[in-house]
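>
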Amino acid sequence: MDLFVGTSGYNYKEWKGPFYPKELPNKEMLAFYSQQFNSVEINNSFYRVPKPDVVVKWAETVPEGFQFVMKATRRITHFKRLKDVAEETEYFVGIANELRDRLGAILFQFPPNLKKDMERMQTFVDLLPPRLPVAMEFRHDSWYDDELRACLRGHNAALCFAHEDDDTAELVDERFISTADWGYLRLRGSEYGEQEMKVWSQRVLSQDWDRAFVFFKHEDDGLGPKLARGFLDATGV
Numbered sequence: 023m024d025l026f027v028g029t030s031g032y033n034y035k036e037w038k039g040p041f042y043p044k045e046l047p048n049k050e051m052l053a054f055y056s057q058q059f060n061s062v063e064i065n066n067s068f069y070r071v072p073k074p075d076v077v078v079k080w081a082e083t084v085p086e087g088f089q090f091v092m093k094a095t096r097r098i099t100h101f102k103r104l105k106d107v108a109e110e111t112e113y114f115v116g117i118a119n120e121l122r123d124r125l126g127a128i129l130f131q132f133p134p135n136l137k138k139d140m141e142r143m144q145t146f147v148d149l150l151p152p153r154l155p156v157a158m159e160f161r162h163d164s165w166y167d168d169e170l171r172a173c174l175r176g177h178n179a180a181l182c183f184a185h186e187d188d189d190t191a192e193l194v195d196e197r198f199i200s201t202a203d204w205g206y207l208r209l210r211g212s213e214y215g216e217q218e219m220k221v222w223s224q225r226v227l228s229q230d231w232d233r234a235f236v237f238f239k240h241e242d243d244g245l246g247p248k249l250a251r252g253f254l255d256a257t258g259v
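Under the working numbering, the residues of the sequence shown are numbered 23 to 259, in order.
(1) Using C-beta distances below 7 Å, list every residue in its chain close to K73, excluding the 5 sequence neighbours before and after it, in chain order.
(2) I need the DSSP call for K93, collapsed to helix, strand or coil.
(3) Roughly how many whole angstroms lie between the Cα atoms of V91 and R70?
(4) With A81 as the anchor, note down where its alpha helix (DSSP H) starts and where it stops.
(5) When you compare each of V226, F88, K248 to G126 by their alpha carbons, which one comes out closest?
(6) Following the continuous beta strand (DSSP E) through R124, name the residue where it begins and the one where it ends.
(7) In the DSSP assignment, what residue or residues form a beta bridge with S228?
(8) Taking contact to mean at least 3 C-beta pairs separated by less than 8 Å, is the region 172 to 189 in contact with the region 116 to 126?
(9) Use the C-beta contact count for M158: other C-beta atoms within 10 angstroms, 16 or more gives buried, fewer gives exposed.
(10) Are the Cβ atoms of A94 and F130 separated by less than 8 Å?
(11) According to DSSP, which residues form a beta bridge with M1?
(12) Determine the DSSP secondary structure at L193, reduced to helix, strand or coil.
(13) Can you give me the Cβ contacts of N60 inside the same chain, cut-off strictly under 6 Å, excluding the 5 residues immediately before and after it?
(14) What did DSSP end up calling D188 once you bin it into helix, strand or coil?
(15) Please list, in chain order, all residues of the same chain as R208 whose beta carbon is under 6 Å from its beta carbon, the five residues on each side excluded.
(16) State the CB to CB distance for the pair L52 and Y32, rounded to an integer number of angstroms; the pair is presumed to be in contact (CB under 8 Å).
(17) Taking all protein chains shown into account, do 16 or more other C-beta atoms lie within 10 angstroms of the C-beta of H240, making it buried, or fewer, making it exposed?
(18) Is it true that the CB of R142 sits closer than 8 Å to the CB of K102?
(19) Please classify K35: does DSSP put it in a helix, a strand, or coil?
(20) Compute the distance between the beta-carbons of P155 and W204, then report whether it is under 8 Å.
(21) Classify V76: buried if its beta carbon has 16 or more other beta carbons within 10 angstroms, exposed otherwise.
(22) Hey, D195 and G211: beta-carbon distance below 8 Å or not?
(23) On the three-state DSSP scale, how would you describe D148?
(24) Suppose only complete runs of 4+ residues qualify. What are the alpha helix (DSSP H) ranges in the region 44 to 69, listed by chain order?
(25) Taking only three categories from DSSP, how would you classify F114?
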C-alpha cells in the first residue's frame, strides 16, 4: 500500500516556528512542506477555485511522487447541492487536471443538511470521468447504507471517513468502510496519542487498498504537521 499523509492546507503563517523556519518566505512554504510530507489536501479550492497557472506552479514546486488532493468548490456541493452542476464539475475537474500526475484525488464534502437523494447522486457521479479518483464525505446519517456504498463501488469512489473527537468505536466500525481500491481518511480530532495513532495506522494498513490518503486538520499552533509525523512513525514508514 502506498501511503500519502499530510495536513489540510499548508499556507499558514501561524506554523512559522512550530513547523516552518521562522524566516521562511511564504512563497517557499509549499517547497518546504513537500520535503516533509508526500501529500497535501487543498481546502482553499472549496472557497475559491484557483487559476490554472497557480495549479501548474504547485505541481512544478513539489518533487516527483507528491500528491495533491483538491477539495471541490462549494458551488457544486453546498450552493447547488449536486443539482445541474455539469458545467461547474467539468470546469473544476479541468482545473484539477492541471496537476497532471501530481493529482491524487478530488474530495467532495457535502453539507450536514444534505439528506440522501440517490437519484441526484447517481446523476452527479455519471458526470465524473471514469478514471478520475474521487472521495466523498457525507455528513448526514441518511447516506450511510448499502445503496450508497454500491454506487460508490461502481465508480471506484472512496467513502471518506472524517473522525471527530466524540465519535464512538461503533461509529468508526460502521463507517470506516472500503468502497474502492484506495482509501481516504481525515483525522479531525484535537489530539491523538501514541496508542491512538497505532490503532488508526493499523486500521488503514489492514485494508486491501493500493493507496491511502490520511490528512490531519489545520491548527493554529502547528499541531497538524506534528500529528501527521506521528502517524507516519506509527506505521513505520
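Note that beta-carbon positions come from the ideal geometry of N, C-alpha and C, so glycine has one too.
According to the structure data:
(1) Taking the sequence shown and counting its residues from 1, the one referred to as residue 73 is at position 51. None.
(2) Taking the first residue of the sequence shown as position 1, residue 93 is located at position 71. Three-state DSSP puts K93 in a strand.
(3) On the sequence shown, position 69 is the one that residue 91 refers to. On the sequence shown, position 48 is the one that residue 70 refers to. The straight-line gap from Cα to Cα measures roughly 15 Å.
(4) For the purposes of this step, residue 81 is taken as the residue at position 59 of the sequence shown. Segment 74 to 83, the alpha helix (DSSP H) holding A81.
(5) The residue labelled residue 126 in the question sits at position 104 within the sequence shown. Ranking V226, F88, K248 by Cα distance to G126 puts F88 first.
(6) By one-based count along the sequence shown, residue 124 stands at place 102. Looking at the DSSP string, R124 is not in any beta strand (DSSP E), and its letter there is neither H nor E.
(7) The residue given as residue 228 occupies position 206 in the sequence shown. DSSP output for S228 lists no bridge partner at all.
(8) With the cut-off at 8 Å, the region 172 to 189 and the region 116 to 126 do not touch.
(9) In the sequence shown, residue 158 corresponds to position 136, counting from 1. Taking all protein chains in view, the Cβ of M158 is crowded by 16 or more other Cβ atoms within 10 Å, so the residue is classified as buried.
(10) Counting from one through the sequence shown, the residue named residue 94 turns up at place 72. Counting from one through the sequence shown, the residue named residue 130 turns up at place 108. In this structure, F130 lies closer than 8 Å to A94 by Cβ.
(11) Outside the displayed range of the chain (23 to 259) lies residue 1, so it cannot be described from this structure.
(12) The residue labelled residue 193 in the question sits at position 171 within the sequence shown. In this structure, L193 counts as helix in the three-state DSSP scheme.
(13) In the sequence shown, the residue the question calls residue 60 occupies position 38. Excluding positions up to five away in sequence, the list reads F26, F88.
(14) Within the sequence shown, residue 188 is the residue found at index 166, counting from 1. Coil.
(15) Locating residue 208 in the sequence shown gives position 186, counting from the first residue. The answer, listed in chain order, is A184, F237.
(16) Your numbering for residue 52 matches position 30 in the sequence shown. Your numbering for residue 32 matches position 10 in the sequence shown. So it is a contact: roughly 6 Å between Cβ atoms.
(17) For this step, residue 240 is matched to residue 218 along the sequence shown. Flag for H240 reads buried.
(18) Within the sequence shown, residue 102 is the residue found at index 80, counting from 1. Within the sequence shown, residue 142 is the residue found at index 120, counting from 1. Not closer than 8 Å, so no.
(19) One-based indexing of the sequence shown puts residue 35 at position 13. It is helical.
(20) By 1-based counting over the sequence shown, the position of residue 155 is 133. By 1-based counting over the sequence shown, the position of residue 204 is 182. Contact check for P155 against W204 passes: the beta carbons are separated by less than 8 Å.
(21) Translated into the one-based positions of the sequence shown, residue 76 becomes position 54. Residue environment: V76 is assigned as exposed (fewer than 16 neighbouring CB atoms within 10 Å of its CB, all protein chains considered).
(22) Within the sequence shown, numbered from 1, the residue matching residue 195 stands at position 173. Within the sequence shown, numbered from 1, the residue matching residue 211 stands at position 189. With contacts defined as CB atoms closer than 8 Å, D195 and G211 fail to qualify as a contacting pair.
(23) Translated into positions along the sequence shown, residue 148 becomes position 126. DSSP places D148 in coil when its eight states are reduced to three.
(24) Whole alpha helix (DSSP H) segments, 4+ residues: 51 to 58, 66 to 69.
(25) Looking up residue 114 in the sequence shown gives position 92. Note: F114 maps to helix in three-state DSSP.
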